[in-house]
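Per the numbering used here, the sequence shown starts with residue 25, numbered consecutively.
The block underneath contains the structure these notes are about, expressed in structure tokens.
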Amino acid sequence: MTVTAYAMVSQVRFRELKTRLALAAFIGATAWFMVPGIWPAVWFIAVLATQGLDWLVFRRFRRQPSWEPGPAYVMLCVAVTVLGVVVYGAITTYLWFRGGEVGRIFAMIQCAGGLLHVSLHMHHVRPVLIAAVASHAAYFLGLPALGAVLGEAWHQLLIPIGCLLYMSHLVVAVRQSSMTTAALQSARDAEQRARRKAEIASAAKSDFLAVVSHEIRTPMNAVISAANLLRRTRLDPRQREHVSMLIDAGDVLMGLLNDVLDFSKIEAGKMEVESADMVVRERLATLGRLWEPRARANGVRLTLRIAPEVPETVRTDPLRFQQILFNLLSNAVKFTERGEIVVAVDWDGARLSVAVSDTGCGIPADRLAQVFNSFEQADAGTTRRHGGTGLGLSISRKLAEIMGGALTVSSTLGEGSTFLLVLPMAEAAGSPAGPEPRPEIPDMLRGRSILAADDHEVNRRILGLLLEPHGCRLTLVHNGAEAVDAAATERFDAILMDMQMPVMDGLEATRRIRQGALNGGTPVVALTANALDVHRAAWEAAGVHAFLTKPIDPAVLARTLAEACAASRPDLAGAAVA
């Protein structure tokens, strides 16, 4: 909404109304002290009346800040302003002629203050400014001139000349103030325009990332899932090697996509960390099992050293902790061609430190400060030789800082590097509870009825190939509307729901299924290529049991469905195990 100049003046006058009335009371009391009589009280009552009229006339601008007044209302504003200034300044005439030398000095000071006040606060509206200044100037210049003429003290005409000089300086000051105010307003407007452009650009970037993520994950789901299915078949060694290469390449592509999404979230300030119990040795052992074969394939030993004082369980964000160490180990394995990689873990009572040391190529001293920059690696040839975007270390350092810690590096060219991660953590109370025994997934899914909605034919085919070997009965539909119709006619143990589908999307379909009697409580598992946090939040609001992203991890999919089915019909879960 545009605020007019009249509205700005009205708001200023309204804010200062109490100050003007308090000052009037002080001036009236001072005038009475210098010249006792009834006139200061009469003057103060007149001031109250004119200030009330001023409040009433200018109130419309406060109620309608964008309203532009017509000529008649402008004249009314000018008339009210003149009346208010004439009455407010009338006390100067009383003091000039009745207050003696002190009264005249006080009157001039009050006029000078009034001129300064209206000049600074009313310069937005020229007609009101001229009316207020002219009224004050009549007292400021007229009283000394009139006094000089009536008393025939012609030398006192120097006083109005001095007043003219004061007013000329005041004009310069007000003009400069007005120019400064205009410049500040212009800068503020430019800043707001820039902010709006940045917000639009940020929204466009988020939309672009959402589209790119979805469009990449959909075909990657087919590629990686088909490769996993192919690996289950009988293959000769050469074919198995080709399939492994395909799966590894798919994992690399998904890692790059996830890095870009994480980087975008960090840059937008939307990365959030959680706090949960983490079994330190178990988490590190998992990372060791993942990277030890890859290191061994390069002829490199991977050694894990955990100090005895490291607690069993700590409170931190397990996922982000694992993500940072995953990136550090990935770098160590990538750049180490001989020797050893050592992961040393220590504890000082409040912080967990993890040092990942390697005997790789090392980092030149002049490039050491740049390794944590986004999209940068130690030298231009690194990307060509080893691949990667240069985002891993940047993301890791920023995650460490978000978690309240730090990630630093020391390196010697030709001898290796050491990355030191230090994170504040609290030791979790009590010993970690052992994992509850789970029924075998094949037993959990056998005989279960599962509804799956996906508009992509290849994705439906992959779901069938992944789930039917577990012995479940799969009902496949093409969109959310068909899913709602199917859920209204048959009881299912679990529902798999895509997000973006024609006719009706997955979120709306889930909400409508929740309103039905037959499957209102059936667990819904979101299985979608929309992997941003906003999508996860939308699914959580819809009340899904779990949120899975494509490409599909067969083991995670089967385990999640097994848990959903157990939650749906716990009596059948017990029967499956028996």
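Glycine residues also receive a C-beta, built at the ideal position from the N, C-alpha and C atoms.
query: Beta-carbon separation of R474 and D517 under 9 Å?
result: For clarity, residue 474 is Ile in the given sequence; the question names Arg instead. With respect to the 9 Å criterion, I474 and D517 are classified as neighbours on the basis of their beta carbons.
- prompt: CA-CA distance, R307 and W371?
  reply: Whole-angstrom Cα-Cα distance: 16 Å.
query: Taking 8 Å as the cut-off, does the CB of T43 come closer than this to any heavy atom belonging to the ligand PLP?
result: Absent from the structure shown: the ligand PLP. Ligands present: none.
query: R375 to L445, Cα distance in whole Å?
result: Here the alpha carbon of R375 sits roughly 10 Å from the alpha carbon of L445.
Sequence-distant residues of its chain with Cβ nearer than 6 Å to I183 (five each side left out): Only P168 meet the Cβ criterion.
message: Rounded to the nearest angstrom, what separates V142 and L153 at their Cα positions?
response: If you draw a straight line from the Cα of V142 to the Cα of L153, it comes to about 7 Å.
- request: Would you give the residue range spanned by the beta strand (DSSP E) that F571 belongs to?
  value: For F571, the enclosing beta strand (DSSP E) covers residues A570 to T573.
field: Under 9 Å between C-beta atoms of I271 and I576
entry: Cβ atoms of I271 and I576: not closer than 9 Å.
field: Straight-line gap, E506 to A541 (C-alpha atoms, nearest Å)
entry: Their Cα atoms are separated by approximately 17 Å.
query: What three-state label does DSSP hand T442 in the structure shown?
result: Looking at T442 - three-state DSSP - the assignment turns out to be strand.
task: For my contact list, R122 and D78 are in at a C-beta cut-off of 8 Å; report their separation, rounded to the angstrom.
output: Not really, about 27 Å apart at Cβ, beyond 8 Å.
message: So the candidates are V580, A582 and E532; which of them puts its Cα closest to the Cα of V568?
response: Answer by Cα proximity: E532.
message: Looking at G52: is its Cβ nearer than 9 Å to the Cβ of P64?
response: In this structure, P64 lies closer than 9 Å to G52 by Cβ.
Residue range of the beta strand (DSSP E) that includes G363: Note, G363: beta strand (DSSP E), G363 to W371.
Selected residue, minimal CA-CA separation from V297, among T257, D213, F345 and P261: For the residues T257, D213, F345 and P261, the minimum Cα distance to V297 belongs to F345.
- prompt: Nearest-angstrom Cα distance between G428 and L194?
  reply: One C-alpha to the other measures close to 55 Å.
query: In whole angstroms, what is the alpha-carbon distance linking L45 and V149?
result: Our two residues, L45 and V149, have alpha carbons roughly 23 Å apart in a direct line.
message: Determine whether the beta carbon atoms of V395 and V433 lie at a separation below 9 Å.
response: Going by C-beta atoms, V395 is nearer than 9 Å to V433.
- prompt: To the nearest angstrom, how far is it from the Cα of P547 to the Cα of C589?
  reply: Going from the Cα of P547 to the Cα of C589 covers about 7 Å.
- request: Could you check the C-alpha separation between A206 and V198 for me, to the nearest Å?
  value: Each residue's CA atom was taken as its position, placing A206 and V198 some 12 Å apart.
query: In chain order, what residues of the same chain have a beta carbon less than 8 Å from the beta carbon of T499, not counting five sequence neighbours either side?
result: Cβ neighbours of T499 within its own chain (closer than 8 Å, five residues either side excluded): S473, I474, L475, A476, A510, E514 and F516.
message: Below 8 Å, how does it come out for the region 352 to 362 and the region 318 to 335: are there three or more Cβ pairs, yes or no?
response: Output reads yes: the region 318 to 335 touches the region 352 to 362.
task: Could you tell me which of V357, L392 and L119 sits nearest to S381, measuring between CA atoms?
output: When V357, L392 and L119 are compared, the shortest CA-CA separation from S381 is found for V357.
query: Using DSSP with H/G/I as helix, E/B as strand and the rest coil, what is P448?
result: Looking at P448 - three-state DSSP - the assignment turns out to be strand.
message: Short of 7 Å in beta carbon distance, which residues of its chain neighbour R538, apart from the five on each side in sequence? Order them along the chain.
response: Same-chain partners within the cutoff: G544 and G567.
- prompt: Does DSSP put P463 in a helix, a strand or coil?
  reply: With a pLDDT of 46 at P463, under the threshold of 50, the modelled position of that residue is not reliable, and the figure given next carries that caveat. If DSSP states are grouped into helix, strand and coil, P463 belongs with coil.
task: Kindly give me the distance between the Cβ atoms of R241 and A453, rounded to whole angstroms, as I take these residues to be in contact under 8 Å.
output: So it is not a contact: roughly 40 Å between Cβ atoms.
query: Going by the beta-carbon positions, is the gap between D341 and A368 smaller than 9 Å?
result: No, they are not a contact pair.
- prompt: What residue from L165, A550 and G274 has the CA that sits closest to A250's CA?
  reply: Among L165, A550 and G274, the Cα nearest to that of A250 belongs to G274.
task: Indicate the three-state DSSP secondary structure (helix, strand or coil) for R515 in the structure shown.
output: Three-state result, R515: coil.
Cβ-based burial, N252 [other Cβ within 10 Å; buried from 16]: Flag for N252 reads buried.
message: So, for A29: in the same chain, excluding its five sequence neighbours on each side, which residues have a beta-carbon less than 8 Å away from its beta-carbon?
response: These residues qualify, in order along the chain: H148 and V149.
- prompt: In three-state DSSP terms, what is T552?
  reply: Three-state result, T552: strand.
message: Suppose you measure from the CA of Q216 to the CA of M302; what does that come to, to the nearest Å?
response: Roughly 45 Å between the two C-alpha positions.
- request: Could you give the DSSP three-state label for T383: helix, strand or coil?
  value: DSSP places T383 in coil when its eight states are reduced to three.
- request: With DSSP collapsed to three states, give me the class of R470.
  value: R470: coil per DSSP, three-state reduction.
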